[in-house]
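Sequential numbering from 0 applies to the sequence shown in numbering that gives the first Met the number 0. In this text, a Cβ means the ideal position worked out from N, Cα and C, and glycines have one as well.
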Amino acid sequence: MKALIVGSNGQLGRGLIGSAPADVEIVGHDIDTLDVTDRAAVDAIIAVEQPNLVFNAAAYTAVDKAESDQQLAEAVNATAVGLLANAARRQGASFVHVSTDFIFDGLSGLPYAPDASPNPLSVYGQTKLAGERAAGDDALIVRTAWVYAPQGDNFVRTMLRLMAERPEVRVVADQVGTPTYAPDLARVLWQLAEQRQRGVFHYTDAGAASWYDFAVAIQEEALAAGLLQAAVPIIPIPTTAYPTPARRPSYSVLDKEATWAALGRVAPHWRQNLRVMLQHLQAAG
Numbered sequence: 000m001k002a003l004i005v006g007s008n009g010q011l012g013r014g015l016i017g018s019a020p021a022d023v024e025i026v027g028h029d030i031d032t033l034d035v036t037d038r039a040a041v042d043a044i045i046a047v048e049q050p051n052l053v054f055n056a057a058a059y060t061a062v063d064k065a066e067s068d069q070q071l072a073e074a075v076n077a078t079a080v081g082l083l084a085n086a087a088r089r090q091g092a093s094f095v096h097v098s099t100d101f102i103f104d105g106l107s108g109l110p111y112a113p114d115a116s117p118n119p120l121s122v123y124g125q126t127k128l129a130g131e132r133a134a135g136d137d138a139l140i141v142r143t144a145w146v147y148a149p150q151g152d153n154f155v156r157t158m159l160r161l162m163a164e165r166p167e168v169r170v171v172a173d174q175v176g177t178p179t180y181a182p183d184l185a186r187v188l189w190q191l192a193e194q195r196q197r198g199v200f201h202y203t204d205a206g207a208a209s210w211y212d213f214a215v216a217i218q219e220e221a222l223a224a225g226l227l228q229a230a231v232p233i234i235p236i237p238t239t240a241y242p243t244p245a246r247r248p249s250y251s252v253l254d255k256e257a258t259w260a261a262l263g264r265v266a267p268h269w270r271q272n273l274r275v276m277l278q279h280l281q282a283a284g
């Protein structure tokens with residue numbers, strides 16, 4: 000089998016490459032080799048590579064910047080998804096697309112099921128929802144949240160840097176969701192794809208946390224791993240004290256029960272995967 004991974008240099012793309020089954024031939028493309036908004040370029044890549052499976056791990060993820068850059072966000076998160084999905088469909092390839100918890104408004108107070116009604120609050124969320132619809136009913140769509148990995152720009156790495164540089168850090172405490180370790184998400188995408196699943200699935204680590212809870216855990220685990228030399232005060236603040244261009248859902252925990260049933264296992268708790276990530280950083284020096 001041959002798999003094309005679009006967005007191969009990102010956190011999730013690297014995870015997909017690293018966890019690929021041994022019998023799968025991998026072809027990776029990122030922004031430097033494929034403009035996903037260019038129909039001719041997308042069609043040409045699919046025609047040349049002739050994959051059996053296409054993973055779309057590419058996305059415009061600058062949530063706040065998207066508010067003033069809506070055209071590019073729509074092109075990458077919506078239009079490009081349709082181009083990739085249609086090209087894969089013509090090739091007879093399965094299509095796997097990754098979406099986000101930000102398609103919900105956060106007003107539920109209960110974990111969002113895959114069939115819950117979306118109501119995105121931001122341009123980013125709106126374009127990701129449009130991307131889901133562009134993927135088509137025959138695609139596998141997996142919504143996730145708060146993704147991080149040992150490499151790339153993410154909350155964990157940012158907190159480690161700030162905790163080493165500043166006398167204190169201030170973190171929003173009234174937005175609740177679930178962190179997701181990218182390598183684990185990648186393994187799940189492979190498993191669902193191998194099962195030939197279709198439709199919408201939810202996957203994150205287990206549990207829930209505020210950004211403040213996550214930051215506290217990062218410091219505690221990083222101190223234990225020797226990645227930080229000293230603790231600094233972590234100050235919980237409300238969203239109103241940290242205004243941003245884009246509105247974010249206050250509660251965006253996803254209901255993963257159907258996904259766990261398909262996998263035959265429950266996801267690791269987010270703190271367990273955080274520890275795995277920090278141990279990886281420690282080993283890498």
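Write down the C-beta distance between residue i and residue j rounded to the nearest angstrom, noting that I regard them as a contact closer than 8 Å.
i: PRO248; j: PHE101; result: 7 Å
i: GLN10; j: ALA181; result: 4 Å
i: TRP145; j: VAL171; result: Incorrect: roughly 12 Å between the Cβ atoms, too far for contact.
i: VAL155; j: LEU161; result: At roughly 11 Å, the Cβ-Cβ gap does not stay under 8 Å, so VAL155 and LEU161 are not in contact.
i: ARG142; j: SER98; result: 5 Å
i: ASN118; j: PHE103; result: 7 Å
i: ALA92; j: LEU52; result: 6 Å
i: GLY151; j: TYR250; result: Their Cβ separation, rounded to whole angstroms, is 26 Å, which puts GLY151 and TYR250 out of contact at 8 Å.
i: LEU277; j: ALA224; result: 5 Å
i: ASP29; j: GLY12; result: 7 Å
Under the rule that 16 or more other beta-carbon atoms within 10 Å means buried, what is residue i, buried or exposed?
i: ALA39; result: exposed
i: ARG89; result: exposed
i: LEU106; result: exposed
i: THR179; result: buried
i: ALA56; result: buried
i: GLN125; result: buried
i: VAL187; result: buried
i: ASP114; result: exposed
i: ILE234; result: exposed
i: VAL263; result: It should be pointed out that residue 263 corresponds to Gly in this sequence rather than to Val. Exposed.
i: TYR241; result: exposed
i: ASP212; result: buried
i: GLU164; result: exposed
i: ALA43; result: exposed
Do residue i and residue j have their C-beta atoms within less than 8 Å of each other?
i: SER18; j: TRP189; result: yes
i: LEU253; j: PRO110; result: yes
i: ALA87; j: ILE45; result: yes
i: THR177; j: THR203; result: yes
i: GLU66; j: SER121; result: yes
i: ARG270; j: ALA216; result: yes
i: PHE54; j: ALA134; result: no
i: LEU280; j: LEU222; result: no
i: VAL75; j: ALA61; result: no
i: THR243; j: ASP63; result: yes
i: VAL175; j: ALA214; result: no
i: LEU83; j: VAL5; result: yes
i: LEU191; j: LEU139; result: yes
i: PRO166; j: ALA283; result: no
i: GLU48; j: VAL26; result: yes
i: GLN218; j: ALA261; result: no
i: ASN272; j: ASP173; result: no
i: VAL23; j: MET0; result: yes
i: GLY198; j: HIS268; result: no
i: GLU193; j: ALA129; result: no
In the DSSP assignment, what are the bridge partners of residue i?
i: SER93; result: LEU52
i: ALA205; result: HIS268
i: VAL168; result: ILE233
i: ARG333; result: Coverage of the chain is limited to positions 0 through 284, which leaves residue 333 absent and any answer about it impossible.
i: THR179; result: VAL146
i: LEU253; result: TYR111
Could you check where the beta strand (DSSP E) with residue i kicks off and where it finishes?
i: ILE4; result: 1-5
i: GLU66; result: From DSSP, GLU66 is part of no beta strand (DSSP E); its letter is neither H nor E.
i: VAL26; result: 24-28
Just checking residue i against the ligand GDP - is the residue's beta carbon closer than 7 Å to any of the ligand's heavy atoms?
i: VAL35; result: The ligand GDP is absent from the structure shown, which contains no ligands of any kind.
Looking at the secondary structure, which residues open and close the alpha helix (DSSP H) in which residue i lies?
i: GLY285; result: Nothing in the structure corresponds to residue 285, since the chain is present only between 0 and 284.
i: TYR123; result: 122-134
i: GLN218; result: 210-224
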